[in-house]
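Data first, discussion second: the structure below is written as structure tokens.
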Amino acid sequence: MSTLEIRDLKVSIETDQGTKHILKGVDLTINQGEIHAVMGPNGSGKSTLAYTIAGHPRYHVEGGTITFDGQNVLDMSVDERARAGLFLAMQYPVEIPGVTVTNFLRTAKTAIDGEEPSIRHWGKTVKDAMSNLRMDSSFAARNVNEGFSGGEKKRHEILQLELLKPKFAILDETDSGLDVDALKIVSEGVNRAHQETGLGVLLITHYTRILRYIKPDFVHVFVDGKVAEEGGSELAERLEDEGYDRYLVAQA
Ligand code: ADP
Ligand code: MG
Ligand code: MG
Numbered sequence: 114m115s116t117l118e119i120r121d122l123k124v125s126i127e128t129d130q131g132t133k134h135i136l137k138g139v140d141l142t143i144n145q146g147e148i149h150a151v152m153g154p155n156g157s158g159k160s161t162l163a164y165t166i167a168g169h170p171r172y173h174v175e176g177g178t179i180t181f182d183g184q185n186v187l188d189m190s191v192d193e194r195a196r197a198g199l200f201l202a203m204q205y206p207v208e209i210p211g212v213t214v215t216n217f218l219r220t221a222k223t224a225i226d227g228e229e230p231s232i233r234h235w236g237k238t239v240k241d242a243m244s245n246l247r248m249d250s251s252f253a254a255r256n257v258n259e260g261f262s263g264g265e266k267k268r269h270e271i272l273q274l275e276l277l278k279p280k281f282a283i284l285d286e287t288d289s290g291l292d293v294d295a296l297k298i299v300s301e302g303v304n305r306a307h308q309e310t311g312l313g314v315l316l317i318t319h320y321t322r323i324l325r326y327i328k329p330d331f332v333h334v335f336v337d338g339k340v341a342e343e344g345g346s347e348l349a350e351r352l353e354d355e356g357y358d359r360y361l362v363a364q365a
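For any residue, its number in UniProt numbering is found by taking its place in the sequence shown, counting from 1, and adding 113.
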């Protein structure tokens, strides 16, 4: 069983106003097969955690460690992280002009597995995965993220998740901008990957809505760059009723 371990993580960025310290000592351990929700008010550092795990160059690690089965993730290139089995779905996915969804997925699959998937097999695999996500087959020929609606971007993320079969997925605000139907389809995709491959999930969200469809085993509440509280799924239910005010008052 694989484990992603974050220890006393401290992260800053450089801004026009100087160094901004965002993460101030985060501890988090995720085992394969577990679903963790990271929740918290806007600006608490949730996306910073996702970008740091992804290896975004803007985010400087000032202290602490991230390890994957004991290997130092912070030493790995972005590609190496993906090959090791980490999947990062970004809150604002980038456009890749001139690259179709099919080719993007095949290239990603080849990079991760170290060998090209058989062309015949691959076409059918992509088609089946797309139909599971109720995506129109014409989607495969479109350029990655070019003119994608919010819902299409999210479905494309989950399509990648189902095809690339990572060990861990970090999903940042996967629920934002989705209507209820799209939210259900996307959640089903995550649950499928969780059940079929034992995917470990770090589900980052401000709202509790998606947690009605994806049941977390653990909930971590971020406030001001630190974990302020942890619990099981009952904590998400409490946040649904009470919101984050309690933490913000305590902080002030
Ligand atoms: P969350 O995802 O919880 O809303 P973020 O990690 O996006 O929080 O942001 C945490 C804090 O760091 C916020 O105050 C935000 O404005 C700041 N921040 C994050 N990334 C940047 C950036 N690239 N440039 C300037 N400020 C940033
Ligand atoms: Mg489970
Ligand atoms: Mg965010």
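For glycine and all other residues, C-beta sits at the position ideal for the given N, C-alpha and C. Just so we're clear, the structure is a prediction, and the values are computed from it rather than from any experiment.
Quick one: is the Cβ of residue i within less than 7 Å of any heavy atom of ligand 3?
i, result
"Glu270", "no"
"Glu286", "yes"
"Lys159", "yes"
Would you report the Cα separation of residue i and residue j, rounded to the nearest angstrom?
i, j, result
"Leu276", "His234", "12 Å"
"Lys280", "Leu312", "5 Å"
"Arg194", "Asp292", "31 Å"
"Leu272", "Arg196", "17 Å"
"Ser231", "Thr116", "31 Å"
"Arg359", "Arg322", "20 Å"
"Lys137", "Asn185", "20 Å"
"Glu342", "Leu187", "26 Å"
"Gln145", "Lys240", "27 Å"
"Asp294", "Gln130", "42 Å"
"Ile283", "Ala221", "17 Å"
"Asp285", "Ser346", "18 Å"
"Ser289", "Gly153", "14 Å"
"Val362", "Gly176", "28 Å"
"Leu315", "Val334", "13 Å"
"Ser300", "Tyr326", "6 Å"
"Arg219", "Gly302", "19 Å"
"Ala224", "Lys237", "19 Å"
"Glu350", "Glu270", "26 Å"
"Ile209", "Pro170", "19 Å"
"Leu296", "Gly158", "24 Å"
"Arg161", "Gln308", "Reading off the sequence shown, one finds Thr at residue 161, where the question assumed Arg. Between Thr161 and Gln308, the C-alpha separation is close to 28 Å."
"Tyr119", "Tyr172", "Rather than Tyr, the amino acid found at residue 119 in this sequence is Ile. About 15 Å."
"Met114", "Asn258", "34 Å"
Taking DSSP's pairing of strands, which residues face residue i in a bridge?
i, result
"Lys123", "Lys137, Gly176"
"Thr116", "Asn144"
"residue 73", "Because the chain is modelled from 114 through 365, residue 73 falls outside the range shown and cannot be assessed."
"Ala150", "Leu316, Val332"
"Ile209", "Val257"
"Ala202", "Leu284"
"Phe181", "Leu117, Gln184"
"Thr128", "Gly131"
Given the structure, does residue i come close to ligand 1, in the sense that its CB is under 7 Å from one of the ligand's heavy atoms?
i, result
"Ile135", "yes"
"residue 413", "Residue 413 lies beyond the range of the chain shown here (114 to 365); nothing can be said about it."
"Thr318", "no"
"Gly156", "yes"
"Thr128", "yes"
"Gly131", "no"
"Phe331", "no"
"Gly153", "yes"
"Phe261", "no"
Beta carbon of residue i: closer than 7 Å to some heavy atom of ligand 4?
i, result
"Arg171", "Among the ligands modelled here, namely ligand 1, ligand 2 and ligand 3, ligand 4 does not occur."
Item to check | Inside the stretch 260-318 only - beta strand (DSSP E) runs reaching at least 3 residues | outcome: Runs found: 281-285, 313-318.
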